[in-house]
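Numbering (the numbering used here), first residue to last: 113 to 465. Working notes for the structure below.
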Ligand code: SAH
Ligand code: SF4
């Protein structure tokens, strides 16, 4: 008899969950065989697991969905970026993006359906929060896109960033479980050095993340150069002040190989002046970090404009004197796949896809 667990989807279960599922009648190695098939071999279907007894396979098929998402739509950009609208078990959809580049492939995945954090420049914010994703749904995005595109997670060119829809640190337990699954060398086998989680600055959760034994790299969406400006752009700052966020970053236990990443969305005439750049330098002065600048990706209902390339470079030149500072190339803007453009409703894509 299979044991009853809360969620019966197989993808998302750790070895201990699979042992519980199979129950004491099954020999211990059965759970390992199943784990190996799900995560190392990455089977798409239970019928592919030929080393399990037929009876057990049938029981599993009857009672446990695989839990892998499936693409409802795919949008291909001229620059090679692919945006996937992935269907979940409850009929909801979530977005994930593949960005192939010279020497590296990055999969940008979602952590929630929608997002409860009300950043004023982000399309996902307009959806509000529908629900958290399960660990399996987070991992499933990587497995699905990997398989569709012939990518191997063990390959060092592959990177995963949790920068799609949602605030990952408001779903930290599932994000950490997904990270354990993605990085287990007996399973999917990605190095945690190639997994990054990005947060709008949920301070207590940053502290909790720092205590986790197996954790991804941390990126912080800074997006403003002072308290007042950040409150206006990211109202969550009223709860988690910028000064406290910087303090939490200072206290964050970086591993020997690790740096913090700060993301900064540049909004024309709002947070993109030379004075802003100098304030960013002062804020980050004592941190072991780098900065990624992102010129705003515009969208319907977003009341900001994109600064000129010259402004972006002038900003970069000031920050770069103090901290490594890069400009993130917009990817897949033509298919609404770029940062902050992810939004489930795709009616606004008519004529673009
Ligand atoms: N919720 C997390 C991760 C998802 S957002 C976070 O906010 O960090 C991923 C990144 O996209 C963040 O750095 C965010 O600041 C940025 N972003 C949001 N809207 C954007 C837009 N319209 N243009 C460019 N970047 C945007
Ligand atoms: Fe949520 Fe991040 Fe968008 Fe802010 S920028 S609304 S935290 S997804």
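Even for Gly, the Cβ is constructed at its ideal location relative to N, Cα and C.
- A Cβ closer than 7 Å to some heavy atom of the ligand SF4 marks a residue here, and those residues are 227, 229, 230, 231, 234, 236, 237, 277, 278, 279, 312, 333, 346 and 452.
- Contact annotation: residue 177 and residue 121 have beta-carbon atoms nearer than 8 Å.
- If you draw a straight line from the Cα of residue 359 to the Cα of residue 371, it is about 15 Å long.
- Only residues of its own chain outside the window of five on either side were considered, and among them 265, 294 and 295 have a CB closer than 6 Å to the CB of residue 302, listed in chain order.
- Annotated three-state conformation of residue 269 is coil, per DSSP.
- The bridge partners DSSP lists for residue 402 are 373.
- Counting the other CB atoms within 10 Å of its CB gives residue 383 a total of 16 or more, which places it among the buried residues.
- Nearest to residue 318 by alpha-carbon distance, out of 306, 333, 437 and 304, is 333.
- Judged by the Cβ position, residue 411 qualifies as a neighbour of the ligand SAH at the 7 Å threshold, a heavy atom of the ligand being closer than this.
- Beta-bridge analysis with DSSP links residue 274 to 309.
- Straight-line spacing of the CA atoms in residue 366 and residue 172 works out to 42 Å.
- The beta carbon of residue 298 is closer than 6 Å to none in its chain, skipping five residues each way along the sequence.
- With a beta-carbon spacing of about 5 Å, residue 404 and residue 438 fall inside the 8 Å limit used to define contacts.
- Judged by DSSP in its simplified three-state form, residue 194 adopts strand.
- Annotation for residue 408 indicates a beta carbon within 7 Å of some heavy atom of the ligand SAH.
- Residue environment: residue 331 is assigned as buried (16 or more neighbouring CB atoms within 10 Å of its CB, all protein chains considered).
- Under DSSP, residue 211 shares a beta bridge with 218.
- Taking every protein chain shown into account, the CB of residue 153 has fewer than 16 other CB atoms within 10 angstroms, so this residue is exposed.
- Residue 329 is bridged by DSSP to 308.
- Leaving aside the five residues that flank residue 208 on each side, the residues in its chain whose CB is nearer than 7 Å to its CB run, in chain order, 196, 198, 219, 220, 221, 222, 253, 257 and 276.
- If you compare the alpha carbons of 128, 408 and 304 with that of residue 329, the shortest gap goes to 304.
- DSSP links residue 183 through a beta bridge to 198.
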